[in-house]
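Below is one structure, written out as structure tokens; comments come after it.
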Amino acid sequence: MSEKKDLKRAAQDVWSRVKTLRSDRGKLYSPEDLEASAAELAQCATDLKLIAKQKSALSAMPATPAKKPKPAKKSKKPAAEGDA
35 MSEKKDLKRA AQDVWSRVKT LRSDRGKLYS PEDLEASAAE LAQCATDLKL
85 IAKQKSALSA MPATPAKKPK PAKKSKKPAA EGDA
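Okay, structure coming up:
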């Protein structure tokens, strides 16, 4: 499997953990539960940031451009006013 597919599956797994966490802990309001939930969500956010960096590195722009830019068109000089 390619690296991009592995990263996509990893991101899907993290989002699945977030959904499960929200459904399991959505009704828990004690301070300890809130702190534990916040820590787990922060870990998921860290995991997603890491996956984003890895995916960005895979699709980074090449060091040298593949095509050279076309030269700009030269503008025409306006006609002299006394030519009429």
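Following the working numbering, the numbering of the sequence shown begins with 35 at its first residue and continues without gaps.
All C-beta atoms in this analysis are idealised placements derived from N, C-alpha and C, irrespective of residue type, glycine included.
Expressed to the nearest angstrom, what Euclidean distance is found between the alpha-carbon atoms of A73 and K101? 47 Å
Whole-angstrom Cβ separation of L84 and A45, contact assumed at under 8 Å? About 10 Å separates the two Cβ atoms, so there is no contact after all.
DSSP state of L41, grouped into three classes? Correct three-state label for L41: helix.
Straight-line gap, A86 to A94 (C-alpha atoms, nearest Å): 12 Å
Anticipated Cβ contact below 8 Å, L41 with Q88, distance rounded: 6 Å
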